[in-house]
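S.K.:
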Amino acid sequence: MGRMIEANDNEREASPSGDSKELVERLRKWEDESRRAHSRWKKHAKEWYDLVAGEQWSQEDKASLLDQMRVPITFNRVGPMIDAVTGAEVLNRQAVVFYGRELGDAQVSEVLTGAADWVRDQCDAEDHESDAFGDLVICGMGWTETFLDYEDSPEGDIKVPRIDPLEMGWDPASKERNLADSRYRYRVRSYDKDTFKAKFGSEIYDRVLAAQEQESDDGSRSDVDIAQDEYRNDTGSNQNQRARVTVTQMQWFDLEDGFAVENPQSGMIEAIDKDQYKALVQMALAQQMPPPQAAKQKRKTYYQALYAGPVLIEKKQLRCNHFTLKAMTGKRDRNRGMWYGLVRAMADPQMWANKWLSQLLHIINTNAKGGLLFETGAFANQQKAEKEWARPDSLTELNPGALAGNRVQPKVPPPLPAGLKDLLEFSVESLPQVSGINLEMLGLVQREQAGVLEQQRKRSGYAILAVFFDALRKYRKEQGRVLLDYIQRYISDGRLIRIKGKAGQQYVPLVRQPGVARYDVVVDEAPMSANQKDMVWSMLTQMMPMLKDAPLPMDVWSKLLEYSPLPSSLSAEIGKALTQPPPPDPLAQRAKEAEVAALEGDAAQKHSAAQLNLAKAFEAGMPQPGAVGPTPLDQMTAQGTMQKDQSAAMLNVEKAKKTAMETALLPMQARQKAEADRMKAQQAGQARYAVGV
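Note that my numbering has the sequence shown beginning at 7, numbered continuously upward.
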């Protein structure tokens, strides 16, 4: 049955039917529920983004300071700390690897892994995921979507863009990391009039506009953000060209009846829906076969719907059987039911540091700076003294006794309030403590310390942040399952993709494999990561004295070169050269070729002699007029000579074949000899080490 019975290989699309009204009402109810539950989180998320961007004063505080002639000072210390965490993710990226669960799937798994790398490279998935990880660290949530895009290619390209977290909504009852237990999730986007018409059509736009008018007349709510002057006037024309329409992309799953059936070809248990099972039974009955045994079960069926207000634009089933809107979550506030990142803890220290600094500057500005206290008659010329007192090179004349009587004294500025400087320092020093981002991670340590100690402190800092990197790792596995399904279902059409194999970079056709295969999705360290390459190469350098005598095949050495600091193209060429067998000795090859030629010539000569003897024997066996025929003894002697010559010729032919085979095996023998020599050298070295030589 191959891939069992499927409606088609594309996602099933359903046009809005009579049940669309009830469906949209249910989806809008979920949307309202999520909006009420997460309104506080969205309010705080905007504030956290402002803090990272340097907008760290509220509008009320800023207006109050300006009214008091005070400066709202901002020294952004949150931004560099967030950059340190996101930079660590960029320098330690991970790769998704697929492993087949059945014997013989290793070759296919390698191609699928290479296809995933190719797809992610084509759509810049790593860059988008790094941006989403930045959202995770800031506000506690990062989002991407995996979909097939036909705008740039008629064949369809897989895209994995980052989504603004403030556009997203999700099931408030979800408690697990990355919203693994959510019933639904959605995205809200706003389109202008022209874009909406180009994307969904003018007919849909007119229906949305009519629905908005009806909801406005009924006094019910409307999700369609169209200005009042968009309504048709008496002439029927639309006036406001900048009206915007809000479209919701909702994904959810329903528990539906399904069947578990064994595939007779692969022997694997496959899940099918009711329609597929019904078609399977009809096929079996048509062939006069018993219906296949099946176990009825409840299974999740994923759907996606697009709607604008009460108008259902599109509904379809997600054949990948996963959410394509993928989330990564940070820390969870259990009591308030919201996710948050690092900025939440750094908000108060950063804002108080700004306030104390602004207060300190205000006190310094308003305190006395210079000025004199003097008695009348202390100066010989008071007007001249007032003009020249502040000049460092001026000479000011005083009346006799003015200096001795302390009749001229500078004004003493009042001291700063006690503890103000300590509060400022405390606020600044609290930022690394509340966030877990130490100075070693920022590269701002100004004291001498050992490199090993600095690396240990960096690892300690990353251990505190492990919850964010673990969420990213879980996301990569979840997104990898969706990507695997998209690769097998949509782009396995024979298109050429670039993968890296044992022979280096090569282009191979991506062809759909028959049957249904299952794979484990594993997240591994990526060799292209700069930090990972440096770390592995540093360890390999220390192990090199032991590895140089180890009997490692050339394939392993080629793999180790991927972590070298050399350019990728150069390391690939070196690895390719290592895996190729050494060329044979030209002198030995010429000698073998000469020996083969001599044996072939000898065989041909003996074969000709045998043919000549055979002809003579035939002539001898024919009676001649008036001649006495050969005796039986002569015939037996001639036949024996002929058989002997034929045997010698056949022996020479076999020798020639053997020599030719030995010539063909010369490269392999040279490689085996090189390996044997290296093994002997290693054993000799180990023996010398054992006896202490």
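Every residue gets a Cβ at the ideal spot worked out from N, C-alpha and C, and that includes glycine.
Mind checking who A300 pairs with in its DSSP beta bridge?
M.R.: According to DSSP, which records beta bridges pairwise, A300 is partnered with V267.
S.K.: Check the DSSP bridge columns for V194 and list the partner residues they point to.
M.R.: Paired residues: T254.
S.K.: From this set, S40, E31, V84 and S45, which residue's C-alpha is nearest P355's C-alpha?
M.R.: Taking only the C-alpha atoms, the option nearest P355 is V84.
S.K.: Return helix, strand or coil for E28, following the three-state DSSP convention.
M.R.: In this structure, E28 counts as helix in the three-state DSSP scheme.
S.K.: Leaving out five residues on either side along the sequence, give the residues of the same chain with a beta carbon under 7 Å from the beta carbon of G442.
M.R.: Around G442: G467, I470 and L471.
S.K.: Have a look at the DSSP bridge pairing and note the partners of K346.
M.R.: At residue 346 the sequence reads Tyr, which differs from the Lys that was named. The partner list for Y346 (beta bridge, DSSP) reads K337.
S.K.: What does A311 pair with, by DSSP beta-bridge criteria?
M.R.: Paired residue(s): M256 and K321.
S.K.: With a CB to CB cut of under 7 Å and the five nearest residues on each side skipped, what residues in its chain are close to T119?
M.R.: Contacts found: V103 and F104.
S.K.: Which word fits V418, buried or exposed, when buried means at least 16 other C-beta atoms lie within 10 angstroms of its C-beta?
M.R.: The residue in question, V418, is exposed, as its Cβ has fewer than 16 Cβ neighbours within 10 Å.
S.K.: If you follow the alpha helix (DSSP H) that W63 is in, where does it begin and where does it stop?
M.R.: From DSSP, W63 is part of no alpha helix (DSSP H); its letter is neither H nor E.
S.K.: Is the beta carbon of A179 sitting closer than 9 Å to the one on D187?
M.R.: In this structure, D187 lies closer than 9 Å to A179 by Cβ.
S.K.: How is G698 classed by DSSP in three states: helix, strand or coil?
M.R.: Interpretation of G698 is limited by its pLDDT of 40, a score under 50 that renders its predicted location unreliable; the figure taken from the coordinates is listed afterwards. In this structure, G698 counts as coil in the three-state DSSP scheme.
S.K.: Opposite R6 in the DSSP bridges: which residues?
M.R.: This structure gives no information on residue 6, because the portion of the chain shown stretches from 7 to 699.
S.K.: Pick out whichever of K35, R340, I370 and F432 has its Cα sitting closest to the Cα of P423.
M.R.: The option with the nearest alpha carbon to P423 is I370.
S.K.: Could you check how far apart the C-beta atoms of A266 and Q303 are, in whole angstroms? I think they sit under 8 Å.
M.R.: Indeed, because the Cβ distance is near 6 Å, the residues count as touching under 8 Å.
S.K.: Please identify the residue among E31, E276 and Q257 whose C-alpha is closest to the C-alpha of H328.
M.R.: It is Q257.
S.K.: How big is the Cα-Cα spacing for D260 and R34?
M.R.: Their backbone Cα atoms lie some 16 Å apart in a straight line.
S.K.: Just tell me which of L57, K48, R32 and Q282 has its CA closest to the CA of A351.
M.R.: The residue with the shortest Cα to Cα distance from A351 is L57.
S.K.: Label T201 either buried or exposed according to how many other C-beta atoms from any shown protein chain fall within 10 Å of its C-beta, with 16 as the threshold for buried.
M.R.: The residue in question, T201, is exposed, as its Cβ has fewer than 16 Cβ neighbours within 10 Å.
S.K.: Assign F475 to one of three DSSP states: helix, strand, or coil.
M.R.: Of the three classes helix, strand and coil, the one that applies to F475 here is helix, per DSSP.
S.K.: So, at 8 Å on beta carbons, what are the nonlocal neighbours of L546 in its own chain, with the 5 sequence-adjacent residues on each side left out?
M.R.: Same-chain partners within the cutoff: L553, L566 and Y569.
S.K.: Note the first and the last residue of the continuous alpha helix (DSSP H) segment covering W47.
M.R.: That run of the alpha helix (DSSP H) goes S45 to A59.
S.K.: Run the CB neighbour count on T372, radius 10 Å, all protein chains shown included, and call it buried at 16 or more, exposed below.
M.R.: T372 should be labelled exposed.
S.K.: Closer than 6 Å by C-beta to S26: which residues in its own chain qualify, once you throw out the five before and the five after it? Chain order, please.
M.R.: Taken in chain order, the residues that qualify are L318.
S.K.: Excluding sequence positions up to five away, which residues of its chain have a Cβ less than 6 Å from the Cβ of M344?
M.R.: Cβ neighbours of M344 beyond the five flanking positions: W47.
S.K.: Between which two residues does the beta strand (DSSP E) harbouring V414 extend?
M.R.: Start and end: V414 to P416.
S.K.: Does E276 come out as helix, strand or coil in the three-state DSSP assignment?
M.R.: It is a strand residue.
S.K.: Could you compute how far the alpha carbon of T63 sits from the alpha carbon of A69?
M.R.: Residue identity check: residue 63 is Trp in the sequence provided, not Thr. Distance between the alpha carbons of W63 and A69: 10 Å.
S.K.: Among residues of its own chain, excluding the 5 on either side of Y190, which ones have a beta-carbon nearer than 6 Å to its beta-carbon?
M.R.: Closer than 6 Å at Cβ, skipping near neighbours: W36, D177 and W258.
S.K.: K205: which of E221, V253 and N98 sits nearest, CA to CA?
M.R.: Here the closest residue by C-alpha is V253.
S.K.: Are the stretch 329-339 and the stretch 37-44 touching, with three or more C-beta to C-beta distances below 8 Å?
M.R.: As far as the Cβ criterion goes, the stretch 329-339 does not touch the stretch 37-44, which means the pair count is below three.
S.K.: Since L404 and A384 should fall inside the 8 Å C-beta cutoff, what is the C-beta to C-beta distance between them, to a whole number of angstroms?
M.R.: The Cβ separation is near 6 Å, so the contact holds.
S.K.: Helix, strand or coil: how does DSSP classify M87 here?
M.R.: Three-state result, M87: helix.
S.K.: Can A353 and W563 be called in contact, C-beta distance under 9 Å?
M.R.: Contact flag unset, no.
S.K.: Among the residues of its own chain, which have a CB less than 7 Å from the CB of R482, if the five just before and after it don't count?
M.R.: Same-chain partners within the cutoff: Q100, V102 and V529.
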